[in-house]
Every structure is written in C-alpha cells, then in structure tokens.
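Data block below; observations after.
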Amino acid sequence: MSALLSVEGLTVDLAVPAGTLHAVRDVSFEVARGETLCVVGESGCGKSMTALALMGLLPRNARRRARRLVFDGVDLAAASPARTNALRGAKLSMIFQEPMTALNPAYTIGNQLCEVYRRHKGGSRAAARERAAFLLGKVGIAAAGERLGQYPHQLSGGLRQRVMIAMALMCGPSLIVADEPTTALDVTIQAQILKLLKDLQAEFGMALVLITHDLGVVARIADRVAVMYAGEVVERGTAAQVFAAPRHPYTAGLIDCIPVPGRTKPGERLGAIPGTVPALVGTIEGCAFRQRCAFAQPACASAPPVHADAGHEWACVRGAA
Amino acid sequence: MDAALPSRSSVLRSRILGHAGLMTGLVLLAAALVCAIFAPLLSPHDPYFQDLSARLVPPVWHPRGDWLHPLGTDNLGRDYLSRTIYGARVSLLIGLSVMVVSGLIGTAMGLAAGYFGGRTDMVVSFVVTARLAMPVVLVALAVVALVGGSLVVVIAVLGLLKWDRFAVVMRAATQQARAQDYVAAAKATGASTFRVLLGEVLPNILPQLVVVATLEMASAILLEAALSFLGLGVQPPLPSWGLMVSEAKAYMFFSFWMIAIPGTALGLLVLAINLVGDGIRDVAAPEGRA
C-alpha cells in the first residue's frame, strides 16, 4: 500500500509563558489514497495542532519537527513556502471548524471560490465560475448561480460549511484535512454534512483526515482511526478493530461514553472518564493516562510498550486481552 | 428563493440617504469640491486682481455693500468671494495629498507591524513612539523655516509627519483581522503573504482606514491653515483660508467679515469631512460583519 500521506514522529512544541507545551508528541500515521482517517480525542489532546501541522499553519510560537512528513511524494518538512503554497488549496485542502468565520466577509461566495481555482489552475473567470457553480450544486446548494453573488453573512451556518467544502474541492485535491467540520452545526445538519463528505469522497476519490471528538462521527465515516491522548496516538487501527476490540483503556472509556438508544436507560448515568487531560507543559514521563486509568499499575510510570496485532497498534502495558 | 429581497446596492443607497449626518457632510463636501474644481468658472473676479480704489468693501448685506463684490474685498481690493472659492482648492489639495501620503506610509507600517508582529512590530512601534514625541507644528515650523514655505513643502512635511494615527489604528485592526479564521483559510488555499495582506486583511479593515483618513484629512487642512496663518505655510498671494484669516486679523475690529468668511469656510469644510467619515463608518458596518 503506497501511502498518500505518511507521518512519522511528528512533534509540535509550543512556547508558552510557563515553558514548553508539548502539544503533539511523536505522532505517526499513514493515509492511503481515497481512505478516511479519523483522529479522535478530547479537547486539548493535540488533534487540531496535528491538523495545522500537516497544513503548515501552526501559530507563530509553535515548532514542528518530524522524522518523516511526506505528502504525495513531497517532503512537507523540507518544502519551501512557495512549494507549500502551491500544494495548499490545490492537492491539499482544509475545512475549518467555524464556518461562520472561515469565509471572508468582504467578498462574495463566488469571488472566494473562483479565487482559489484561478490561483492554482489559472484559466478564465468564466471557467472558474462554472466550476464553482458545479461544485455548489454538488454540495447540495440549490440556486447555485444566485448564491455565487451572495456574501457570507447572507448564508446560514450549514450553507457556509457547504461552501467551505466546495472551496476545498475547487482544485480537485487528493487529500482534505477537516478539523471538526460539523462541531459548530446542528445535529441534523451534522448528519447531512457527514453524508455529503462521504459521498463526495467516493465520487472524487480523495483521502480525508477528519479531526473530531465525536465517536459517533467516527463510527459513521472512518476507515481507520487514530485515538489521541495528551498529544500522543495511544491506539490506531481500522475502524472495525478499534470499535470491536478497543485495547487501550482510554479508547474503551471513550466508547463507553456514547449513549446507546435502547441500551442506555433514561436517567442512568452515562459513562465518563474521571479526571481531566494532564497539563502538557514540561516533560511527561510514562503513560499520560495512568492518573485516570482504572488499570494503572506501577509499570505505567515508564513509557508503555507498543503492541501490534494485524495493523492494530496500541501503547499500553496491557497486551492483548 | 423569495424574489422580493432588496439588492445589496439598494440597501446601501437607502442607508446613505437615511443618514442625516452623512448626507449633510456629503452635500457640503460636494459644494467645496465643485468650488475647487470649477473655481475659474464660479468666481466673479480674478482672485489676484488688486483694485486699491475699492479696498475693504463690505459684503452685500452691509449697508455699504454692493453686488459687484458679494462678499466684499480685502485690504488690497481683491474680490473676497473669488479668493474664498480659490481657497477651497488649496485646502482640498493639501488635505487630500497629505491624507494619501501619510495614509500610504502609515497603512503600510501598521499592516506590517500588525501582521508580522515580533521584531517588525517592535521596530514600527518604536518609530511611531519616536514620531509621537515630536510636536507636529513645531517640526513643521522648523522645516518650513529652513527650506521655505510652498504648497509642495507643506504637503511633504505634513504627509511625512502625520502617518502616526494610520499606523496605530491599522496595526490594531490588523492584529484583530490576522487572528480570523478566514486568514488561516486563505493560507490553507495557498495564498501568499502579500495576497493575504492586501486581499484578505486590508478589505476587512477598510472601514477603520476610511475613518482615520477623513479625520487626518480634516486635521491636515486645519494644520495648513495654522501654518499659513503663522506665515510659514502657503505663501501669498496664493489664496489660502489660513492666510486670509492671517491677513484679516489686523482689520478684525473694523471689517469683521474678513476673518469670519474664511473662518466659516474652514469650519464648514472640516465639519463636512468629519460628518462624512462618521457616516461612512456607520453605513459601512453591514450586518454579519464582525
């Protein structure tokens, strides 16, 4: 399997007043062409930083290091700004969490869509507009021609997220990084957007890296899953492996948190993982989850071993059950 | 789609028409512009022509006034209405040029400081602070005294001195705009830094820029008048309102109109520009724009 995106030992450090914050620690994963990888974790586990690191959009106080960061044969870690700019928006697109603020209020939808297309593909305004109208239709926006002339504030959140998706698709990318694309939307719209992403992915054959905290989303869309905790990937594997037989206690805890209609009785307490994500400032030793873990043992104070079973990997002292 | 939605331009038009301050300002400013552009057509006399036999003729509403000189004449017998009309040229020319020169300098500095931050910000902030430590009028006086006063010198001196507010406001506005998601989104679609600055940040801080620009234009006009009044700005016989006030001050108690007319013109023009600036700020903040 030749990977489209191959990440090995990705580390992001942030300079904060209290010292160095290790937002992402030694994260590795691969995404094949046309595949969906879901990166799951709680707030502050480093999943958004991972997405930004892939796009080269980290904040100024952040530093990115990686043993290997290759996208479609291009070494992103060593690419010049011009090379990165040529990739971004063309073969590598991103969908942001907040559709309310990710569109520029000063331009019409059509202007913003065409801008991306003409930046990378050149061509006439008419061709770009045609492509924009076509894609707005694809993402389920009626009266696309009319919408092109509208400003972002004239659209609802769901429509704006559809526009963002259309914008990401403008140049026919081979990978889309979506950072919590449905979090800011109503539940009903969430389902529509997810289905849309899945359909478009099948139609255009692109790979998708979906950052989310919502395991319901993961179950619906993922081929492969990477579970992040405190800046590390603690478990990864195919969606079937991870959901059917979660190996890391954190993953198991996350899955227990999902209420299941019919099985979770009304009024019953939902599963919850006690405690909060540890502060990531300073050096972190051993398993970062051990303070919250029901199975913690003395051996957890040193770095946990990584177990592998048919592509299913997890970092925990407990081996296969 | 409902068909009856008003278009963006018609919404904007009704907003402008409904804004009393903006409309007043626009009418006054338009009048000043017409005077400045069509001065030779509008003025009844040559503003430089001296008629020593008709000195200090009072305006038409005075018992001794007549329609030959509707606003009277000055101490050299020059037609006051013509000089006032021509004076609009000097004021507007200086106001606009100074605004453009200082606006370019200040906006560039503010954008760079706000967007790049770090060392760039430190350098720009230092230069702004250093500039704020210099009193504009004093420096302008010194420079003009050194190289001699003329229209170009006044424009250059004021333009090179008055960019501080542009820099400060643009810096703060850029810092805000920089943190917006659409800037990150633009970068994520491969936009260059230059393109992000001019294409994404600038259009969104334009309302603030317009407000500062109008304030600075009004203040440049007042400064020119002050410099001319002190004899260090525009040189006679060029008709500048500041110069006219200066020339009139000796006759203040006998021919009050000589000081009141250019003073009123100056006040109205500055008022008009400020009304327009305020109005634009109100009108240009559409719903949905943060």
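Protein chains in written order, with the working numbering: chain A, 1 to 321; chain B, 1001 to 1290.
Backbone N, C-alpha and C define an ideal beta-carbon position, used for all residues, glycine too.
For residue i, three-class secondary structure by DSSP
i: A/Arg63; result: strand
i: B/Met1001; result: Residue confidence for B/Met1001 is low, a pLDDT of 42 falling below 50, so the modelled location carries little weight and cannot support an answer.
i: B/Gly1288; result: Any reading at B/Gly1288 must be qualified, since the residue scores a pLDDT of 38, below 50, and its modelled position is unreliable; the value itself is stated next. Coil.
i: A/His153; result: helix
i: A/Thr101; result: coil
i: A/Cys114; result: helix
i: A/Asp179; result: strand
i: B/Trp1257; result: helix
i: B/Ala1220; result: helix
i: B/His1069; result: coil
i: B/Leu1048; result: Note on identity: in this sequence residue 1048 of chain B is Tyr, with Leu being the wrong assignment. If DSSP states are grouped into helix, strand and coil, B/Tyr1048 belongs with coil.
i: A/Gly229; result: Sequence inspection shows Tyr at residue 229 of chain A; the Gly mentioned does not correspond to that position. A/Tyr229 falls in the strand class under three-state DSSP.
i: A/Asp26; result: strand
i: B/Val1147; result: helix
i: A/Asp309; result: strand
i: A/Asp199; result: helix
i: A/Gly253; result: helix
i: A/Glu8; result: strand
i: B/Leu1104; result: helix
i: B/Asp1278; result: helix
i: B/Trp1241; result: helix
i: A/Leu136; result: helix
i: A/Cys38; result: strand
i: B/Ile1155; result: helix
Residue j beta carbon less than 8 Å from that of residue i
i: A/Leu10; j: A/Thr36; result: no
i: B/Val1270; j: B/Ile1205; result: no
i: A/Arg88; j: B/Thr1189; result: yes
i: B/Val1283; j: B/Val1090; result: no
i: B/Ala1173; j: B/Met1099; result: no
i: B/Ala1140; j: B/Leu1227; result: yes
i: A/Leu218; j: A/Val40; result: According to the sequence provided, residue 218 of chain A is Val. The question's Leu does not apply to it. It is a contact, given that the beta carbons lie within the stated cut-off.
i: B/Gly1118; j: B/Arg1178; result: no
i: A/Val27; j: A/Val233; result: yes
i: A/Arg68; j: A/Val24; result: no
i: A/Ala132; j: A/Ser174; result: no
i: A/Tyr250; j: A/Phe289; result: yes
i: A/Ala202; j: A/Ala222; result: no
i: A/Val139; j: A/Leu210; result: no
i: B/Val1168; j: B/Gly1110; result: yes
i: B/Leu1232; j: B/Val1144; result: yes
i: B/Pro1237; j: B/Tyr1048; result: yes
i: A/Phe204; j: A/Leu169; result: yes
i: B/Leu1081; j: B/Pro1040; result: no
i: B/Val1154; j: B/Glu1200; result: no
i: A/Trp314; j: A/His248; result: yes
i: B/Met1170; j: B/Gly1106; result: yes
i: A/Gly56; j: A/Leu76; result: yes
Paired residues, beta bridge with residue i - DSSP
i: A/Asp75; result: A/Val70
i: B/Asp1079; result: B/Thr1073
i: A/Gly237; result: A/Val225
i: B/Arg1178; result: Bridge partners of B/Arg1178: none, in fact.
i: A/Arg88; result: A/Leu92
i: B/Asp1121; result: Paired residues: none, contrary to the question.
i: A/Asp13; result: A/His22, A/Arg63
i: A/Val31; result: A/Leu5
i: B/Ala1140; result: DSSP, once it has assigned bridges, lists no residue as partnering B/Ala1140.
Minimum Cβ-Cβ distance from residue i to chain E less than 8 Å
i: A/Phe295; result: Absence of chain E from the displayed structure is noted, the protein chains being A and B.
**Message:** Closer than 8 Å is the cut-off here; do at least three beta carbon pairs connect the stretch 1046-1054 of chain B with the stretch 1013-1022 of chain B?
**Reply:** no
**Asked** Are the stretch 256-263 of chain A and the stretch 276-295 of chain A touching by the rule of at least three beta carbon pairs closer than 8 Å?
**Response** no
**Request:** Pull out every residue of the stretch 1061-1077 of chain B whose Cβ sits closer than 7 Å to any Cβ of chain A, in chain order.
**Result:** none
**Item:** chain B contacts made by the stretch 47-72 of chain A, where a contact means CB separation under 9 Å
**Value:** Leu52, Met55, Gly56, Leu57, Arg60
**Request:** Anything in the stretch 166-196 of chain A with a Cβ closer than 9 Å to a Cβ of chain B? List those residues in chain order, please.
**Result:** Met167, Ala168, Met170, Cys171, Val177
**Prompt:** Along the stretch 1113-1144 of chain B, what residues have a CB closer than 8 Å to any CB found in chain A?
**Reply:** Gly1117, Gly1118
**Prompt:** Looking at C-beta atoms only, is the number of pairs between the stretch 171-189 of chain A and the stretch 139-150 of chain A that lie closer than 8 Å three or more?
**Reply:** no
**Prompt:** Name the residues in the stretch 1178-1192 of chain B whose C-beta lies less than 8 Å from a C-beta of chain A; which are they?
**Reply:** Gln1180, Asp1181, Tyr1182, Ala1184, Ala1185, Ala1186, Lys1187, Ala1188, Thr1189, Gly1190, Ala1191, Ser1192
**Asked** Is there contact between the stretch 1056-1068 of chain B and the stretch 1093-1107 of chain B, where contact requires at least three CB pairs shorter than 8 Å?
**Response** no
**Request:** Please list the residues of the stretch 16-44 of chain A that have a C-beta atom closer than 9 Å to any C-beta atom in chain B, keeping them in chain order.
**Result:** none
**Item:** Contact set between the stretch 1246-1279 of chain B and chain A, restricted to residues whose Cβ is under 7 Å from the partner
**Value:** none
**Request:** Report yes or no: do three or more beta-carbon pairs, one from the stretch 1022-1040 of chain B and one from the stretch 1063-1070 of chain B, lie closer than 8 Å?
**Result:** no
**Asked** Between the stretch 1201-1212 of chain B and chain A, which residues of the former have a C-beta closer than 7 Å to a C-beta of the latter?
**Response** Pro1203, Asn1204
**Asked** Along the stretch 71-93 of chain A, what residues have a CB closer than 9 Å to any CB found in chain B?
**Response** Pro81, Ala82, Thr84, Asn85, Ala86, Leu87, Arg88, Gly89, Ala90, Leu92, Ser93
**Prompt:** Taking a cut of 9 Å between CB atoms, which residues from the stretch 105-127 of chain A lie near chain B?
**Reply:** Pro105, Ala106, Tyr107, Gln112, Glu115, Val116, Arg119, His120
**Asked** Name the residues in the stretch 132-148 of chain A whose C-beta lies less than 9 Å from a C-beta of chain B; which are they?
**Response** Ala142, Ala143, Glu146
**Chain-ordered residues of the stretch 273-293 of chain A with a beta carbon less than 9 Å from chain B** = none
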